[in-house]
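Input: a single structure, listed below in structure tokens.
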DNA sequence: ACTTTGTAAACTAAAATAGTTTTCTCATTT
DNA sequence: AAATGAGAAAACTATTTTAGTTTACAAAGT
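Chains as they are written, first to last, in the working numbering: chain A, 29 to 232; chain B, 29 to 232.
Put into structure tokens, the structure is as follows:
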């Protein structure tokens, strides 16, 4: 029985559901039916547990995205699927989680951001290159800047201070923001594809 | 400027979004751009604020339900609309809120439950009576028991321990539970109406 | 000038929780 | 059957938070 993995899985669920502060180590141990000490046997402290959870979430996200990208006809289809996954990821995440991350673990956030170990905040250079190769994105875009912009779009879309929930009821902010930026860097072929998948999506 | 009401409104939003413990009095004051002391000028302590918030939520819920009931053709239509409202209410509520209520304010919960001052946990006797008068519910049902059962259905449907989210992905538990119990107390006319509104709902 | 109303910020006291230590239990090994 | 070891259970303490208070101060109205 791999305690480490079991703890990571359960902690991930609980952190995402209730927030980080709200989940005490006692609560987690009780919920899993193990002793608190066993948790501390594997993880030095709560910070290490949290950072483990985030890294694990990133690994899984990477695997899923890679799979999606390999199985997609073109970059636009892949991006649309990835946006669906991302939306699902953030939809099930308690606002408390994001608030706690900012208030109490901001140093961890910056560390993980720099190390590209935060789910859905990872380097998109490969995607962009593929898009260029497929004639979907314009050849003259600046890879580094565009990549950074896409990351910022995601970050901002999920920032409650930028888009306060009381003013923006719509949950499709990411989509809207991301896709319209995408249009801006697309060729005619890219635009046609975006329109195609947008229509397709609207139908269901 | 009615501080009491403004505080209630903002606290309601924050408690529901982040949970009760996660929202500190400082945070609430900062968010509103007022001083913490001003809050304590109006509310003795956090408990009183919370209880105020819940009562206020109940008042609004009552108004809305009453309106819906007066504007509905029959009891089944009214109940369907009410279920929609209820679903919306619980959908936007952080699991942390419900957990905090149970862990740290359980005495308040029981107090408010007894006083019928918890949103959506209110007496349904009038609804049942109207249903009987309209020939939708059977005449021979035991009002007191049925009423209690309906309340319990709502309570259980929202209890994460009864329906753990990891096992029951479906958010329509309340609907399913409530409506099928309703079928059990309905006349043929009632059943026909339920089927009609179920179909109508399924279409959109 | 004086009073009221509220902000800002420092402070204290209480509560909760992270993390530790101790004791006990049961299963496995020798 | 004794020894070992992994982990449960629960009590403990040390730290951190946060509720709630107090103080000083600023603006606005009288």
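Yeah, the Cβ is synthetic: ideal placement off N, Cα and C, and Gly gets one too.
- The beta-carbon distance between residue 229 of chain A and residue 118 of chain A, rounded to whole angstroms, is 18 Å. This is too long to meet the 8 Å contact definition.
- With a threshold of 16 other beta carbon atoms within 10 Å, residue 202 of chain B meets it and is buried.
- Distance from the CA atom of residue 101 of chain B to the CA atom of residue 158 of chain B, rounded to whole angstroms, is 11 Å.
- Considered as a whole, the segment 116-188 of chain A harbours 123-132, 134-142, 153-161 and 171-185 as its complete alpha helix (DSSP H) runs of no fewer than 4 residues, in chain order.
- In this structure, DSSP gives residue 100 of chain A a state outside helix and strand, which the three-state scheme calls coil.
- Annotation for residue 120 of chain A: 44 place their beta carbon closer than 7 Å to its own, counting only its chain and skipping 5 residues before and after.
- Short of 7 Å from the beta carbon of residue 31 of chain A, and not among the five residues preceding or following it, lie these beta carbons of its own chain, in chain order: 66 and 70.
- Under the criterion of beta carbons closer than 8 Å, residue 162 of chain B and residue 103 of chain B qualify as touching, at roughly 6 Å.
- Here the segment 209-225 of chain A does not lie against the segment 34-52 of chain B, with fewer than 3 beta-carbon pairs under 8 Å apart.
- DSSP, reduced to helix, strand and coil, places residue 214 of chain B within a strand of the structure shown.
- With fewer than 16 other CB atoms across the displayed protein chains lying within 10 angstroms of its CB, residue 196 of chain B is exposed.
- The Cβ-Cβ distance between residue 125 of chain B and residue 182 of chain B does not fall below 9 Å.
- Judged by their CB atoms, residue 207 of chain A and residue 136 of chain A are not nearer to each other than the 9 Å cut-off.
- Interface residue (Cβ-Cβ distance to chain A less than 9 Å): residue 49 of chain B is classified as such.
- Under the DSSP assignment, residue 38 of chain A falls in the alpha helix (DSSP H) whose first and last residues are 31-46.
- Distance check between residue 169 of chain A and each of A:221, A:211, A:39 and A:85 places A:211 closest, using alpha-carbon atoms only.
- Residue 213 of chain A counts as buried, since at least 16 other C-beta atoms from the protein chains shown sit within 10 angstroms of its C-beta.
- For residue 149 of chain A, not one C-beta of chain B is nearer than 9 Å to its own C-beta.
- Rounded to whole angstroms, residue 88 of chain A and residue 149 of chain B show a C-alpha spacing of 41 Å.
- For the 9 Å CB-CB criterion, residue 50 of chain B and residue 127 of chain A form a contact.
- Secondary structure note for residue 190 of chain B: it is in no alpha helix (DSSP H), with a DSSP letter that is neither H nor E.
- Residue 172 of chain A and residue 153 of chain A have their C-alpha atoms some 8 Å from each other.
- Around the beta carbon of residue 165 of chain A, 16 or more other beta carbons sit within 10 angstroms, so the residue counts as buried.
- At least 9 Å separates the CB of residue 40 of chain B from every CB of chain A.
- Following the DSSP letters along the chain, one finds residue 232 of chain B in no alpha helix (DSSP H), marked with neither H nor E.
- Cβ contact annotation for residue 160 of chain A (same chain, cutoff 7 Å, sequence separation greater than five): 167, in chain order.
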